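Novice: Protein chains in written order, with UniProt numbering: chain A, 1 to 404; chain B, 1 to 253; chain C, 1 to 494. Dropping the structure in here first, questions after.
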Amino acid sequence: MEAMSSFNSLFNSMQQEAKDIFAAQGWPNKRNEDWHYTDLSARLPASFQNQPLELSEDVPLENLTCGVDDATQLTFINGLLSDVEDLPEGLTIDALIAHPELVKQSDDDMTDPLLYSNLAHLETGIVIDVTGVIDRPLEIHFHNTAAEEASFVRIIFRLAAGASLTLLESHSGWGHTQLVSDIYQAEDSMLRHLRLHQAEDTQVSLLLNRVSLDAQAHYHNVAVSLSGGLGRLETRVTFNAPGSHAGLATALLSGGKQHIDVTTRLNHLSPDTTSDTVARTILDDEACGIFQGKVIVHEDAQRVEATQKSDALMLSTEAMMNVKPELEIYADDVACAHGSAIGEIDHEALFFLRSRGIGETAARVMLVEGFIAEILGRLDDFAAGATLQENLSKRVETYLKKSA
Amino acid sequence: MSALLEIKNLHVSVGETEILKGLNLSISAGEVHAIMGPNGSGKSTLSYVLAGRDGYEITQGDILLNGVSLAEMNPEDRAIAGLFLAFQYPLEIPGVTNMTFLKTSVNAVRRGRGEDEMDAASFLRFVRDKAKALRLDDDMLKRPLNVGFSGGEKKRNEILQMSVLEPTMAILDETDSGLDIDALKTVAEGVSAMRDAQRGMLVITHYQRLLDYIKPDIVHILAGGQIVKTGSPELALELEKSGYADYIGEVVA
Amino acid sequence: MSQAKETIEKETVDKVQSLAGEKYKYGFSTDIDSEKAPKGLNEDIIRFISAKKEEPEWLLEWRLDAFERWLTMSEPDWAMVNYPQIDYQDLYYYSAPKSMDDRPESLDEVDPELLRTYEKLGIPLFEQEVLAGVKNRVAVDAVFDSVSVATTFKEELAAAGVIFCSFSEAVKDHPDLVKKYLGTVVPKSDNYFTALNSAVFSDGSFVYIPPNTRCPMELSTYFRINEPNTGQFERTLLIADKGSYVSYLEGCTAPMRDENQLHAAVVELVALEDAEIKYSTVQNWYPGDEEGRGGIYNFVTKRGDCRENNAKISWTQVETGSAVTWKYPSCILRGDNTVGEFYSIAIGNNHQQIDSGTKMIHLGKNTSSRIISKGISAGKSSNAYRGQVSVHRKADKARNFTQCDSLLIGDTCSAHTVPYIETKNPSAILEHEATTSKISDDQLFYCQQRGLDAEEAVSLIVNGFCKDVLQHLPMEFAVEAQKLVGISLEGSVG
Chain A
1 MEAMSSFNSL FNSMQQEAKD IFAAQGWPNK RNEDWHYTDL SARLPASFQN
51 QPLELSEDVP LENLTCGVDD ATQLTFINGL LSDVEDLPEG LTIDALIAHP
101 ELVKQSDDDM TDPLLYSNLA HLETGIVIDV TGVIDRPLEI HFHNTAAEEA
151 SFVRIIFRLA AGASLTLLES HSGWGHTQLV SDIYQAEDSM LRHLRLHQAE
201 DTQVSLLLNR VSLDAQAHYH NVAVSLSGGL GRLETRVTFN APGSHAGLAT
251 ALLSGGKQHI DVTTRLNHLS PDTTSDTVAR TILDDEACGI FQGKVIVHED
301 AQRVEATQKS DALMLSTEAM MNVKPELEIY ADDVACAHGS AIGEIDHEAL
351 FFLRSRGIGE TAARVMLVEG FIAEILGRLD DFAAGATLQE NLSKRVETYL
401 KKSA
Chain B
1 MSALLEIKNL HVSVGETEIL KGLNLSISAG EVHAIMGPNG SGKSTLSYVL
51 AGRDGYEITQ GDILLNGVSL AEMNPEDRAI AGLFLAFQYP LEIPGVTNMT
101 FLKTSVNAVR RGRGEDEMDA ASFLRFVRDK AKALRLDDDM LKRPLNVGFS
151 GGEKKRNEIL QMSVLEPTMA ILDETDSGLD IDALKTVAEG VSAMRDAQRG
201 MLVITHYQRL LDYIKPDIVH ILAGGQIVKT GSPELALELE KSGYADYIGE
251 VVA
Chain C
1 MSQAKETIEK ETVDKVQSLA GEKYKYGFST DIDSEKAPKG LNEDIIRFIS
51 AKKEEPEWLL EWRLDAFERW LTMSEPDWAM VNYPQIDYQD LYYYSAPKSM
101 DDRPESLDEV DPELLRTYEK LGIPLFEQEV LAGVKNRVAV DAVFDSVSVA
151 TTFKEELAAA GVIFCSFSEA VKDHPDLVKK YLGTVVPKSD NYFTALNSAV
201 FSDGSFVYIP PNTRCPMELS TYFRINEPNT GQFERTLLIA DKGSYVSYLE
251 GCTAPMRDEN QLHAAVVELV ALEDAEIKYS TVQNWYPGDE EGRGGIYNFV
301 TKRGDCRENN AKISWTQVET GSAVTWKYPS CILRGDNTVG EFYSIAIGNN
351 HQQIDSGTKM IHLGKNTSSR IISKGISAGK SSNAYRGQVS VHRKADKARN
401 FTQCDSLLIG DTCSAHTVPY IETKNPSAIL EHEATTSKIS DDQLFYCQQR
451 GLDAEEAVSL IVNGFCKDVL QHLPMEFAVE AQKLVGISLE GSVG
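Dropping the structure here:
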């Protein structure tokens, strides 16, 4: 009991520190290089009421799920964990408050706005331990039921040596969602992580993913954003030991006045590590898309291979795209490359398809689907990958029919 | 009975430049015509304007297929009407598999022609048979359209599209370019297999060698945006010997 | 790692080490009496400089306004460079050879010591030397510390209507042109260093090419810093009127000194309708020694404005010198159908730090830009490409192609790539490619198998790596640049 309360007091003091920093620093503005294209100070309120709403009885969860039958479900409604099913063997969940040392470990950098703002307002924190090879996917839904709701969640994943998991994460609803996921992967572990962002057009999602990889650990991320208001999908990976690999694939389909920012930072600390990043952005209406990808290869991290590709397709005259693909290289025996291409639909390809009898709208849809096919194709290796692809293709089609 | 394809006094401009300057051509069902011409004579312009590509403006004249004007039709409606263009440079389309493309295309055309769409199973059988004849293996049907295909594979894929779309009027634009002799034979066999009494073909080429394998009924020479000479297949052989120099001069003068 | 490979790598490193620092052959200084303004920066110093140059009142006001703005600004800190805080009050802002006080009328009146300096540098100030030796003639404006000492071929150029003179002369002789264009491409307060330059600039070159004139020869300015503790703040203004063409070359050297010296220049180019400007730089300021002592801080703002339709501006730079380089020659593609180009080789060795690149701002319709950047890092150097391609809402059918490649030689250097690609117009086609690698072992092996020794192989490969840029330099400079890059052409020609 005493031990518990000392944990609590450590946690409370850390949270107080975060609150003080948030009060003093607030949200970053565009003078902060990491937020150059997404000025949060101009877009977000300086403070939140943060009174959790009463949980409504019937949240239409089927709209949120990825539609996989045998998935283990966790649901956060308005920032509170509402539902824990039977967990498969090898997967356990604990409250973060019992592990303040983990928060301390993950909040080593209190100058990071996504970290201090999350901790300052934190409502729910959990620790998920994965100790074995889990066949059933784990589905985690985040849903806010009202525009005035702001929810702040932190999840720490720990994958033991040799463990593997398919994680399906989805975001929907209204208000403001801020999630920090810290993922620690021990050697030979494998995490396949789908992140689906399909929220209402006023919704704010600030999603930070931090991944730490030991030897031979593999992290595969597929992120699909179909709707929402303001979104920052940020992934940072640290490669701590040889053989670790990360593959990041993102498909952004934006319309309306959406502002979606995909930021990746790949920190190759160790030699013999690899990463590949692919981002495909489709912009309609007045949407603004951002891709900031940074690869850092540290001193002595020889034989690193890192590739980065970002392509954007502009469907409207009012849309806007900003790309900043950075390489920061301190080792010489490396093969790093990035490529970026921005343009509208290829008129030659469109003519080719139409000359084969395919109508203009159908031809456009086909080209756009082709443009993101590689991203969805990366779900092949996921548990229930075929179902996921089918489910996502339908949603993509809905988006495209609206746009085409 | 009017001709299958009738091109009347066709003037076509690209931007400010007039490329075709009063071209006349008439192809009846069952005939194979060849158009030969030097670089810059307007061969590709002709194929693109027939298929309805943007940026090729018909300033005068008309194109009739079965008596119906194509001039104002969009490209997909021309395909439905029975016109097919085998591209000189087939496009690569990442992310769209060849199979998906073929199926979408065939069903769009069938729908447009008032025919029933094909279900997945019968389409698969249908396309596999056709592919086999062109020595295209299954793997190529699963790959993204033309992505990573060799020059020969791309051209065979064009002929595959022609054979599944069953056009009444096929235009082959420099189908021989970039092919080695074996690939050329395979492609020519595929084309020849499609010759029949209902179908017209227009083979556009710079060199005579394709015509060794696809024997035309009539050969035209295109220079300076006009047909400057029409004759029997021997005309092509003659041209092979003497070159285009005479005809280029003819137009300028 | 195989022994052969180690040998190759060591030789590679040695080879590159011999390129800069150690063998800086322009490191001598000239012993000459100079007249300096007192140390430090304040309104009086600015009035002193302005008075020295007998400037009109409007230009003094312009300077004072810039100074006022500068006082409110702070030094930019976003570049990937580190250097100790500069004490702007501990510098001389004006230094001129005493003998230049009376504006010598001809070279005969110029101090022989100065002439010897240029002779040692290989810069031809006597027109007959040029005529005798080289097929292509180059007119030179030689700037020594704060003043222009000589400008060659002025008469012949004048006959063609071309104005080529020092900035100070232009202020006196062509005040209307100066007033019309000065500061219209690079505003005074564009950044910290432009504000500083606008306040204290001492001299530089002025060029005006009249309409429909092809400048009859290459123009060039040769910058030399000599005095210790002196900043050099020159200003170049080049106007190509409608339908004209000019190729302009710029070279820079400085003595080897243990302290750092500041160079903050501004270059403004204006290309009117159908005009074309080709601007080439071989920047070989003293880079400091192997320990990182000394060297020039090169904080330069260069910008070209394709102000009217069909104008073209092309920047080519070979950056081998300076301890710290902060430089982004840019193009504003304002007119329709305008073209901007940036070709760059940046070589860093020892402790050199380079943060360089370009901006291509697409405003007009059918504008196109091309960026080819080759960075080579060796020793303990750091080399960053920083570039921006921005397509504005009305810039229909803009095109950009960017290729930036970095080559790392040795494991103590670093290479960075920081591109910003922004579009608000869907008809833009923007392509960007970047790579970072070392010289491939396979390439080396291939060359060696064909009989080249490791050094030749490296030369060949590095030369090939830079070729896309070198070929854009005028012939006279290409030779010098190739020497600077430290690569013999043996084996790749003939």
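C-beta: ideal position from N, C-alpha, C; glycine also. All values reported here derive from a predicted model rather than from experimental measurement.
Got a sec, what are the start and stop residues for the beta strand (DSSP E) S322 (chain C) sits in?
Specialist: Here residue 322 (chain C) refers to the residue found at position 322 of the third sequence. Run containing S322 (chain C): none; DSSP gives neither H nor E here.
Novice: In terms of residue numbering, what span does the beta strand (DSSP E) encompassing Y297 (chain C) cover?
Specialist: Residue 297 (chain C) sits at position 297 when you count from the first residue of the third sequence. From DSSP, the beta strand (DSSP E) with Y297 (chain C) extends over G295 to C306.
Novice: Do Y244 (chain B) and P38 (chain B) count as a contact pair if the criterion is CB distance below 7 Å?
Specialist: Numbered from 1 along the second sequence, position 38 holds the residue referred to as residue 38 (chain B). Numbered from 1 along the second sequence, position 244 holds the residue referred to as residue 244 (chain B). Yes, these two residues count as a Cβ contact at 7 Å.
Novice: Is it buried or exposed for G224 (chain B), if we count other Cβ within 10 angstroms and need 16 for buried?
Specialist: Working through the second sequence from its first residue, we reach residue 224 (chain B) at position 224. When all chains shown are included, G224 (chain B) counts as buried.
Novice: Please classify Y83 (chain C) as buried or exposed, where buried requires at least 16 other C-beta atoms within 10 Å of its C-beta.
Specialist: The count along the third sequence starts at 1 and reaches residue 83 (chain C) at position 83. The residue is exposed, with fewer than 16 neighbouring Cβ atoms inside 10 Å.
Novice: Is the CB-CB distance between V295 (chain A) and A306 (chain A) below 7 Å?
Specialist: Mapped onto the first sequence, residue 295 (chain A) falls at position 295. Mapped onto the first sequence, residue 306 (chain A) falls at position 306. A contact, by the Cβ cut-off of 7 Å.
Novice: Taking CB distances under 7 Å as the criterion, tell me whether Y420 (chain C) reaches chain A.
Specialist: If you number the third sequence from 1, residue 420 (chain C) lands on position 420. Yes, Y420 (chain C) counts as interfacial toward chain A.
Novice: For the candidate residues A:S164, A:T38 and A:I329, whose alpha-carbon lies nearest to that of H268 (chain A)?
Specialist: Reading the first sequence from its first residue, position 268 is the one you call residue 268 (chain A). It is A:I329 whose Cα lies nearest to the Cα of H268 (chain A).
Novice: Report the neighbours of F123 (chain B) on chain A: residues whose CB is nearer than 7 Å to its CB, in chain order.
Specialist: Residue numbering aside, residue 123 (chain B) sits at position 123 when the second sequence is read from its first letter. Within chain A, no residue comes near F123 (chain B); the closest Cβ sits about 15 Å away, beyond 7 Å.
Novice: Using beta carbons (cut-off 7 Å, strictly below), is V228 (chain B) in contact with chain D?
Specialist: Absent from the structure: chain D. Protein chains present are A, B and C.
Novice: Please list the partners that C66 (chain A) has in chain C, where partner means a Cβ-to-Cβ separation under 9 Å.
Specialist: Against the first sequence, residue 66 (chain A) aligns to sequence position 66. Within 9 Å Cβ-Cβ: nothing; C66 (chain A) doesn't reach chain C, min ~32 Å.
Novice: Can you list the residues of chain C that Y330 (chain A) reaches, using a CB-CB cut of under 7 Å?
Specialist: The residue given as residue 330 (chain A) occupies position 330 in the first sequence. Those within 7 Å of Y330 (chain A) in chain C are S414.
Novice: Which one of C:V266, C:R116, C:K394 and C:T436 has the shortest CA to CA distance from D333 (chain A)?
Specialist: Walking along the first sequence from the start, residue 333 (chain A) turns up at place 333. Looking at the Cα atoms, C:T436 is the closest of the given residues.
Novice: Given a threshold of 16 other Cβ atoms within 10 Å of its Cβ, counted over all protein chains shown, does M190 (chain A) qualify as buried or as exposed?
Specialist: Sequence index remark: in the first sequence, residue 190 (chain A) carries index 190 (1-based). Looking at its Cβ environment, which holds 16 or more other Cβ atoms inside 10 Å, M190 (chain A) is buried.
Novice: S13 (chain B) CB to nearest chain A CB: under 7 Å?
Specialist: Indexing the second sequence from 1 puts residue 13 (chain B) at position 13. Not one chain A Cβ lies under 7 Å of S13 (chain B).
Novice: Less than 7 Å between the C-beta atoms of I375 (chain A) and Y37 (chain A), yes or no?
Specialist: In the first sequence, counting from the first residue as 1, residue 375 (chain A) sits at position 375. In the first sequence, counting from the first residue as 1, residue 37 (chain A) sits at position 37. No, they are not a contact pair.
Novice: Can you tell me the Cα-Cα spacing of D138 (chain B) and D201 (chain A), whole angstroms?
Specialist: Walking along the second sequence from the start, residue 138 (chain B) turns up at place 138. Walking along the first sequence from the start, residue 201 (chain A) turns up at place 201. Cα-Cα distance, rounded: 44 Å.
Novice: Helix, strand or coil, according to DSSP, for Q261 (chain C) in the structure here?
Specialist: For this step, residue 261 (chain C) is matched to residue 261 along the third sequence. In this structure, Q261 (chain C) counts as strand in the three-state DSSP scheme.
Novice: Measuring only from the beta carbon, is H176 (chain A) closer than 6 Å to any heavy atom that is part of the ligand NAD?
Specialist: In the structure on display, the ligand NAD does not appear, and there are no ligands present to speak of.
Novice: So the alpha helix (DSSP H) H121 (chain A) belongs to, where does it begin and stop?
Specialist: What you label residue 121 (chain A) is simply residue 121 of the first sequence in a count that begins at 1. Per DSSP, H121 (chain A) belongs to the alpha helix (DSSP H) from P113 to H121.
Novice: Decide yes or no for the touch test of the region 91-98 of chain C against the region 27-40 of chain C: beta carbon pairs closer than 8 Å, at least 3 of them.
Specialist: In short, these stretches touch, since the Cβ pair count reaches three.
Novice: For R113 (chain B), count neighbouring C-beta atoms within 10 Å of its own C-beta (all shown protein chains included) and say buried if the count is 16 or more, exposed if not.
Specialist: One-based indexing of the second sequence puts residue 113 (chain B) at position 113. So R113 (chain B) counts as exposed.
Novice: Just to confirm the assignment, what range does the alpha helix (DSSP H) spanning D332 (chain A) have?
Specialist: As a first step, residue 332 (chain A) must be located in the first sequence, where it is residue number 332. Counting along the chain, D332 (chain A) falls outside any alpha helix (DSSP H), and DSSP gives it neither H nor E.
Novice: Decide yes or no for the touch test of the region 63-72 of chain B against the region 96-111 of chain B: beta carbon pairs closer than 8 Å, at least 3 of them.
Specialist: At 8 Å Cβ cutoff, the stretches do not touch.
Novice: Within 10 angstroms of the Cβ of S74 (chain C), are there 16 or more other Cβ atoms? Answer buried if so, exposed if not.
Specialist: Taking the first residue of the third sequence as position 1, residue 74 (chain C) is located at position 74. Label assigned to S74 (chain C): exposed.
Novice: Take the Cβ of W58 (chain C) as the centre, count every other Cβ of all protein chains shown within 10 Å, and call the residue buried at 16 or more, exposed below.
Specialist: Counting from one through the third sequence, the residue named residue 58 (chain C) turns up at place 58. Exposed: under 16 other Cβ atoms inside 10 Å.
Novice: State yes or no: is the beta carbon of E156 (chain C) nearer than 7 Å to at least one beta carbon in chain A?
Specialist: Working through the third sequence from its first residue, we reach residue 156 (chain C) at position 156. No, because no Cβ of chain A sits closer than 7 Å to the Cβ of E156 (chain C).
Novice: What residues from chain A crowd round Q161 (chain B), counting only those whose CB sits closer than 8 Å?
Specialist: Taking the first residue of the second sequence as position 1, residue 161 (chain B) is located at position 161. Ordered by position in chain A, the residues that pass the 8 Å Cβ test against Q161 (chain B) are R356.
Novice: Have a look at A120 (chain B) and T104 (chain B) and give me their C-alpha separation to the nearest angstrom.
Specialist: The residue given as residue 120 (chain B) occupies position 120 in the second sequence. The residue given as residue 104 (chain B) occupies position 104 in the second sequence. Whole-angstrom Cα-Cα distance: 11 Å.
Novice: What is the DSSP secondary structure of Q25 (chain A), reduced to helix, strand or coil?
Specialist: The residue given as residue 25 (chain A) occupies position 25 in the first sequence. Residue state, collapsed to three classes: helix.
Novice: Closer than 8 Å between beta carbons: that is the criterion. Which residues of the region 45-74 of chain B meet it against chain A?
Specialist: Listed by position along the chain: A51, G52, R53, D54 and N74.
Novice: Less than 7 Å separating the beta-carbons of C331 (chain C) and I347 (chain C)?
Specialist: As a working mapping, residue 331 (chain C) is identified with position 331 in the third sequence. As a working mapping, residue 347 (chain C) is identified with position 347 in the third sequence. No, Cβ-Cβ distance for C331 (chain C) and I347 (chain C) is not below 7 Å.
Novice: Are D107 (chain A) and L119 (chain A) closer than 7 Å when you measure CB to CB?
Specialist: The residue you call residue 107 (chain A) lines up with position 107 of the first sequence. The residue you call residue 119 (chain A) lines up with position 119 of the first sequence. Result yes, Cβ atoms of D107 (chain A) and L119 (chain A) sit closer than 7 Å.
Novice: With distance defined between alpha-carbon atoms, name the residue in A:V180, A:F22 and A:N78 nearest to E149 (chain A).
Specialist: Counting from 1 along the first sequence, the entry for residue 149 (chain A) is found at position 149. Considering only alpha carbons, the answer is A:N78.
Novice: Return the chain-ordered list of same chain residues with a C-beta closer than 7 Å to the C-beta of T194 (chain C), the five sequence neighbours on each side being excluded.
Specialist: Along the third sequence, read from residue 1 onward, the residue named residue 194 (chain C) stands at position 194. If we look at T194 (chain C) and ignore the five residues flanking it on each side, its Cβ neighbours are V186, K188, V266 and T301.
Novice: Anything in chain A within Cβ reach of L85 (chain B), meaning under 8 Å, just list it in chain order.
Specialist: For the purposes of this step, residue 85 (chain B) is identified with residue 85 of the second sequence, where counting begins at 1. Ordered by position in chain A, the residues that pass the 8 Å Cβ test against L85 (chain B) are S355.
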